[in-house]
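Numbering (UniProt numbering), first residue to last: 1 to 909.
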Amino acid sequence: MSWKERNYSKLLGLQTAKLPRVAGTESEHTRPAPKESSFWSPATPRRESVKFSSCVDTKGTQYETNSLDFKVRADGTVFATRELKIPSEQVAFTVTARERQSAEQWDAMVRLLVAQTSSSSAHSEHKKGKTVALDPSQLPKDTLLPWPQQHQSSGGLRRQKRDWVIPPINVPENSRGPFPQQLVRIRSDKDNDIPIRYSITGVGADQPPMEVFNIDSMSGRMYVTRPMDREERASYHLRAHAVDMNGNKVENPIDLYIYVIDMNDNRPEFINQVYNGSVDEGSKPGTYVMTVTANDADDSTTANGMVRYRIVTQTPQSPSQNMFTINSETGDIVTVAAGLDREKVQQYTVIVQATDMEGNLNYGLSNTATAIITVTDVNDNPPEFTTSTFAGEVPENRIETVVANLTVMDRDQPHSPNWNAVYRIISGDPSGHFSVRTDPVTNEGMVTVVKAVDYELNRAFMLTVMVSNQAPLASGIQMSFQSTAGVTISVTDVNEAPYFPSNHKLIRLEEGVPAGTALTTFSAVDPDRFMQQAVRYSKLSDPANWLHINTSNGQITTAAVLDRESLYTKNNVYEATFLAADNGIPPASGTGTLQLYLIDINDNAPQLLPKEAQICERPGLNAINITAADADMDPNIGPYVFELPFIPTTVRKNWTITRLNGDYAQLSLRILYLEAGVYDVPIIVTDSGNPPLSNTSVIKVKVCPCDENGDCTTVGAVAAAGLGTGAIVAILICIVILLTMVLLFVVWMKRREKERHTKQLLIDPEDDVRDNILKYDEEGGGEEDQDYDLSQLQQPEAMEHVLSKAPGVRRVDERPVGAEPQYPVRPVVPHPGDIGDFINEGLRAADNDPTAPPYDSLLVFDYEGSGSTAGSVSSLNSSSSGDQDYDYLNDWGPRFKKLADMYGGGEED
């Protein structure tokens with residue numbers, strides 16, 4: 001039957017074939033099977049995935065096929081990878097499912113039914129979201145059925161005969177040959193009629209690994225060409241083909257399954273060479289310790305891969321040589337004897353052996369690993385004081401001072417909760433003066449003063465301290481009587497500073513008290529009752545120097561008048577600090593603060609606000625609002641009384657004042673017109689104190705002409721400032737004259753600049769500095785340093801040798817022979833402004849002079865005389881042979897860019 005070129009259009013179904021179990025599977029696991037199928041139509045790009053069901057979760061399953069034409073996605077969708085030439089009867093391939101976590105795998109045979117896409121009815125049904133089952137009678141003649149065909153009516157499908165079937169082939173791994181070794185012979189029942197050629201395809205034949213199997217094309221004998229390794233690949237799936245001499249298929253391809261038989265060729269391998277575990281001391285027999293695991297690459301369903309464990313040695317063998325045992329199948333290590341004591345043995349080393357062949361030491365392969373078991377500490381030893389009593393001493397009034405160190409002994413693991421000590425005072429300190437803290441390094445208890453003690457109240461303390469651990473004691477362990485100790489603390493007397501019982505002391509009095517008035521007695525108390533000491537007083541802080549204190553008894557008297565409105569008073573309170581010192585050894589002193597609350601009296605007259613104002617020259621347009629400020633407090637401030645004095649009489653004639661309320665009034669013009677100017681208007685302001693105080697304040701009022709809005713005009717403001725019309729005109733004329741002078745000066749400078757550009761630059765020959773050496777300083781050095789022959793620098797020798805040279809050949813370090821250009825001569829006395837033009841003209845003349853140095857941009861710095869054997873570099877011809885590579889000039893930076901373009905072999909336009 002011929003092959004046809006056709007595109008796969010629909011994958012209508014999947015069917016699985018049960019295969020022999022492969023390496024890595026367990027008997028209780030089932031292979032993935034298709035749960036439901038879906039259509040894939042070119043007219044409907046949507047694909048419905050084919051789901052595989054299993055007894056395990058399929059999220060971690062990977063799918064692979066042995067076909068290059070079909071692949072399976074992670075969601076189970078089967079798709080064609082390219083356009084294919086398909087046979088007209090069947091398409092089948094194997095799907096391998098692998099579980100990522102357990103490394104198990106299953107194989108399933110997939111047969112595909114191929115249908116054409118020309119049916120519009122199937123397309124319409126699919127668009128409606130329905131799954132359509134095709135009638136086999138409606139399938140085209142090249143449709144492949146993935147199931148065994150049954151006998152139907154004459155108009156339907158009929159059962160096809162299976163021409164040839166090959167059972168699974170088992171091949172032992174690590175075979176010694178000879179190779180090639182025959183496995184099976186494939187034969188078609190049609191080889192009696194026509195000559196047939198056989199071939200095989202698949203992984204191991206024409207796919208990597210290549211040529212593991214081959215077949216005699218004429219006889220059909222299939223061979224294996226080399227030893228097999230089950231651990232490398234446990235099974236192979238090949239397809240056998242039979243064609244005639246013209247390449248025409250005479251039989252359908254048949255599937256060949258080759259399984260590699262496992263041999264015991266791999267030792268068990270431990271996951272780790274060293275295992276670390278732990279167990280609590282005093283654990284009961286049967287306590288779990290750890291698990292060791294060894295893997296065998298051989299088949300775990302046979303004895304070759306069945307591993308058993310045993311303990312070979314235990315070190316140390318104390319208190320018993322068999323302290324642990326191991327589960328031979330799972331590798332769990334547990335305790336088997338009692339007596340684990342960390343204080344005696346802290347660590348055990350156990351050698352574990354893993355053997356395959358179910359632990360048969362005669363036939364199985366073995367390997368060993370080390371298990372290190374650490375005996376962990378439990379709190380089975382209570383802490384104990386090294387002595388029953390401790391003593392210490394502390395000065396009074398000291399805090400955060402260590403009085404005594406309490407030492408304990410604990411045999412548990414150091415620096416663990418079972419060893420760390422916790423101290424607690426159980427009696428002798430009802431006021432909480434002491435605390436016992438733990439030294440984190442030595443585990444000692446540090447008795448520390450946290451609250452100052454007073455010698456006059458307590459001269460000694462008898463403390464009872466108990467010690468325990470951070471972790472509770474293990475079950476059955478009791479506290480020791482040595483876990484309690486007594487601590488005797490003696491308090492020593494020190495000279496304490498006197499103190500003021502009423503610190504900050506506040507007294508109230510009126511301001512204005514005259515000097516020498518006795519205010520109060522500010523005395524201190526000496527806490528040292530058992531010492532006969534005298535206390536002396538002095539001032540420590542008195543900002544205004546208002547107070548005086550008696551040095552013997554602390555009586556406070558005024559030294560000046562007290563003023564509430566002073567800058568040294570804040571919120572009516574004046575504060576002073578005094579010092580009380582005793583005559584002890586060493587002397588001690590204490591401070592006290594005295595606060596004076598000063599009651600206000602009416603001792604400040606009000607002041608007028610504002611001090612200056614502005615008003616229009618005609619009444620009715622605006623008025624001046626005035627108020628008063630008083631440094632006193634209520635009731636010695638407002639309401640205020642505002643009035644105009646009777647003298648001078650012009651005040652009441654020109655002005656009037658109107659009261660708005662108790663704090664504000666208005667000042668306005670009484671007459672119809674007042675000439676513009678500045679007027680001093682006196683106003684009498686009286687407060688409401690008892691007795692009241694008054695003050696005459698003067699306000700400067702500027703009277704000026706105003707516009708219709710009541711605002712002073714500019715001219716009016718100037719006039720109000722005291723300038724008349726003549727002064728204003730004079731100022732304007734001065735401004736015009738000044739502007740005219742500035743304009744004339746600018747025009748003169750522009751004209752002079754233009755004339756300078758039209759002048760010719762004249763240079764004095766004596767000022768020509770070209771080709772001359774200027775001597776700016778001379779610091780000695782002898783006659784040889786000053787003997788210069790400047791002629792050698794300008795023209796080394798006579799000009800004959802230059803004139804005798806051939807045309808076109810000239811040293812570029814010599815002055816050219818030719819007519820000297822005529823430079824313009826500068827005037828004898830040039831104008832200072834011509835210096836810039838002189839420099840620019842000289843620069844242009846030098847640039848256009850071919851006889852002026854530098855010649856060809858090469859300066860002559862020295863001349864060694866005639867007869868030199870070295871010629872000029874200008875006489876050397878450039879080579880264009882191309883032997884030299886100048887590309888490195890491109891790496892020398894922008895300064896060599898021009899040279900790189902000339903010699904670097906750049907591209908030509």
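Just so it is clear, CB atoms sit at the ideal spot from N, CA and C, and this is done for glycine as well. Since we're looking at a predicted model, the values are computed, not measured.
Count the other C-beta atoms from every protein chain shown that fall within 10 angstroms of the C-beta of residue 433, then say buried if there are 16 or more, exposed otherwise. Along the sequence shown, read from residue 1 onward, the residue named residue 433 stands at position 433. Classification of residue 433: buried, given that the 10 Å Cβ count is 16 or more.
Hey, which unbroken runs of the alpha helix (DSSP H) at 4 residues or more fall wholly within the segment 397 to 462? Entirely contained in the segment 397 to 462, not one alpha helix (DSSP H) run reaches 4 residues.
Is it the case that the Cβ atoms of residue 591 and residue 569 are separated by a distance below 8 Å? Here residue 591 refers to the residue found at position 591 when the sequence shown is read from its first residue. Here residue 569 refers to the residue found at position 569 when the sequence shown is read from its first residue. Result no, Cβ atoms of residue 591 and residue 569 do not sit closer than 8 Å.
Please say whether residue 173 and residue 75 have beta carbons closer to each other than 8 Å? As a first step, residue 75 is located in the sequence shown; it is residue number 75 there, counting from the start. As a first step, residue 173 is located in the sequence shown; it is residue number 173 there, counting from the start. Their beta carbons are not under 8 Å apart, which means residue 75 does not touch residue 173 by this criterion.
Could you pull the DSSP bridge partners for residue 109 from this structure? As a working mapping, residue 109 is identified with position 109 in the sequence shown. Answer is 94.
Suppose the cutoff is 6 Å on Cβ atoms and the five residues either side in sequence are ignored; what does the same chain contact list for residue 580 look like? Against the sequence shown, residue 580 aligns to sequence position 580. Hits under 6 Å: 498, 524, 535, 537 and 590.
Rounded to whole angstroms, what's the CA-CA distance from residue 510 to residue 600? Just pull it up for me. Sequence index remark: in the sequence shown, residue 510 carries index 510 (1-based). Sequence index remark: in the sequence shown, residue 600 carries index 600 (1-based). The alpha-carbon atoms of residue 510 and residue 600 are separated by roughly 6 Å.
Residue closest to residue 276, alpha-carbon to alpha-carbon, out of 408, 493, 266 and 292: Residue numbering aside, residue 276 sits at position 276 when the sequence shown is read from its first letter. Out of 408, 493, 266 and 292, the CA that lies nearest to the CA of residue 276 is found in 292.
So who's on the other strand from residue 243, going by DSSP bridges? Against the sequence shown, residue 243 aligns to sequence position 243. Beta-bridge partners of residue 243 (DSSP): 197 and 249.
Do the segment 545 to 556 and the segment 465 to 480 meet, that is, are 3 or more Cβ pairs less than 8 Å apart? Contact fails between the segment 545 to 556 and the segment 465 to 480, because fewer than three Cβ pairs, one in each stretch, are under 8 Å apart.
Integer Cβ distance of residue 639 from residue 663, believed to fall under 8 Å: As a position in the sequence shown, residue 639 is number 639, starting the count at 1. As a position in the sequence shown, residue 663 is number 663, starting the count at 1. Indeed they touch by this definition, with Cβ atoms about 6 Å apart.
Measure the alpha-carbon distance for residue 734 versus residue 748 and round it to whole angstroms. Mapped onto the sequence shown, residue 734 falls at position 734. Mapped onto the sequence shown, residue 748 falls at position 748. CA-to-CA, the gap between residue 734 and residue 748 works out to about 21 Å.
Using the beta-carbon count (16 or more within 10 Å), is residue 25 buried or exposed? Counted from its first residue, the sequence shown places residue 25 at position 25. With a pLDDT of only 29 at residue 25, under 50, the local geometry of the prediction cannot be trusted, and no value is derived from it.
How would you call residue 237, buried or exposed, if buried means at least 16 neighbouring beta carbons within 10 angstroms? As a first step, residue 237 must be located in the sequence shown, where it is residue number 237. Looking at its Cβ environment, which holds 16 or more other Cβ atoms inside 10 Å, residue 237 is buried.
For residue 336, which residues from the same chain have a beta carbon less than 8 Å from its beta carbon, with the 5 sequence-adjacent residues on both sides left out? Looking up residue 336 in the sequence shown gives position 336. A distance below 8 Å between beta-carbons, with the five flanking residues on each side excluded, links residue 336 to the following residues of its chain, in chain order: 285, 286, 322, 323, 324 and 325.
Span of the beta strand (DSSP E), counted from its first residue to its last, around residue 846: For the purposes of this step, residue 846 is identified with residue 846 of the sequence shown, where counting begins at 1. Where residue 846 is concerned, there is no enclosing beta strand (DSSP E), although the alpha helix (DSSP H) it sits in stretches over 835 to 847.
How far does the alpha helix (DSSP H) with residue 900 in it reach, from first residue to last? Taking the first residue of the sequence shown as position 1, residue 900 is located at position 900. Start and end: 897 to 903.
If contact is defined by three or more beta carbon pairs under 8 Å, each pair taking one atom from either stretch, is the segment 363 to 380 in contact with the segment 450 to 459? Between the segment 450 to 459 and the segment 363 to 380, the count of Cβ pairs shorter than 8 Å is below three; the stretches do not touch.
Kindly indicate the opening and closing residues of the alpha helix (DSSP H) around residue 653. Taking the first residue of the sequence shown as position 1, residue 653 is located at position 653. Element bounds for residue 653: 649 to 654.
Nearest-angstrom Cα separation, counted from residue 65 out to residue 72: Sequence index remark: in the sequence shown, residue 72 carries index 72 (1-based). Sequence index remark: in the sequence shown, residue 65 carries index 65 (1-based). Straight-line Cα distance between these residues: approximately 7 Å.
Which partner residues does residue 238 have in the DSSP bridge list? One-based indexing of the sequence shown puts residue 238 at position 238. Answer by DSSP bridge pairing, in chain order: 202 and 256.
Unbroken beta strand (DSSP E) run spanning residue 616, endpoints: By one-based count along the sequence shown, residue 616 stands at place 616. For residue 616, the enclosing beta strand (DSSP E) begins and ends at 612 to 616.
Beta-carbon gap between residue 463 and residue 428 smaller than 8 Å: Stepping through the sequence shown from its first residue, residue 463 is reached at position 463. Stepping through the sequence shown from its first residue, residue 428 is reached at position 428. For the 8 Å CB-CB criterion, residue 463 and residue 428 form a contact.
Note the first and the last residue of the continuous beta strand (DSSP E) segment covering residue 190. One-based indexing of the sequence shown puts residue 190 at position 190. Per DSSP, residue 190 belongs to no beta strand (DSSP E) and is neither H nor E.
Can you find the residues in the same chain that come closer than 7 Å, C-beta to C-beta, to residue 541, ignoring five residues on each side of it along the sequence? Mapped onto the sequence shown, residue 541 falls at position 541. Beyond the five residues adjoining it in sequence on each side, residue 541 comes within less than 7 Å, by CB distance, of 576 and 577 in the same chain, given in chain order.
Note down the Cα distance separating residue 209 from residue 230, rounded to an integer number of angstroms. Walking along the sequence shown from the start, residue 209 turns up at place 209. Walking along the sequence shown from the start, residue 230 turns up at place 230. Residue 209 and residue 230: Cα-Cα distance of roughly 14 Å.
May I ask you to report which of helix, strand or coil DSSP gives residue 486? For this step, residue 486 is matched to residue 486 along the sequence shown. Residue 486: strand per DSSP, three-state reduction.
Pull up the CB-CB distance for residue 353 and residue 310, whole angstroms please, since I reckon it's below 8 Å. Indexing the sequence shown from 1 puts residue 353 at position 353. Indexing the sequence shown from 1 puts residue 310 at position 310. Between residue 353 and residue 310 the beta-carbon gap is near 5 Å, inside 8 Å, which marks them as a contact.
Burial state of residue 441 (16 or more Cβ within 10 Å): As a first step, residue 441 is located in the sequence shown; it is residue number 441 there, counting from the start. By the neighbour-count criterion, in which a residue is buried when 16 or more other Cβ atoms sit within 10 angstroms of its Cβ, residue 441 is exposed.
If you count every other CB in all the chains shown that lies within 10 Å of the CB of residue 744, and 16 or more means buried, which is it? Walking along the sequence shown from the start, residue 744 turns up at place 744. Per the 10 Å Cβ criterion, exposed.
Exposed unless 16 or more other CB atoms sit within 10 angstroms - verdict on residue 532: Your numbering for residue 532 matches position 532 in the sequence shown. Exposed is the call here.
Here's a check: name, in chain order, each residue in its chain whose Cβ is nearer than 7 Å to the Cβ of residue 338, leaving out the five neighbours to either side. Position 338 of the sequence shown holds residue 338. Cβ within range, chain order: 284 and 285.
Label residue 763 either buried or exposed according to how many other C-beta atoms from any shown protein chain fall within 10 Å of its C-beta, with 16 as the threshold for buried. The residue given as residue 763 occupies position 763 in the sequence shown. In this predicted model, residue 763 has a pLDDT of only 47, less than 50, meaning its place in the structure is not dependable; the value taken from the coordinates is given anyway. Flag for residue 763 reads buried.
Residue 655 vs residue 667 beta-carbon contact at 8 Å: Walking along the sequence shown from the start, residue 655 turns up at place 655. Walking along the sequence shown from the start, residue 667 turns up at place 667. Yes, the pair counts as a contact, with Cβ atoms nearer than the cut-off.
With which residues is residue 541 paired in a DSSP beta bridge? Counting from one through the sequence shown, the residue named residue 541 turns up at place 541. The secondary-structure analysis by DSSP pairs residue 541 across a beta bridge with 577.
Quick check: what's the CA-CA separation for residue 182 versus residue 331? The count along the sequence shown starts at 1 and reaches residue 182 at position 182. The count along the sequence shown starts at 1 and reaches residue 331 at position 331. So the two alpha carbons sit approximately 43 Å from each other.
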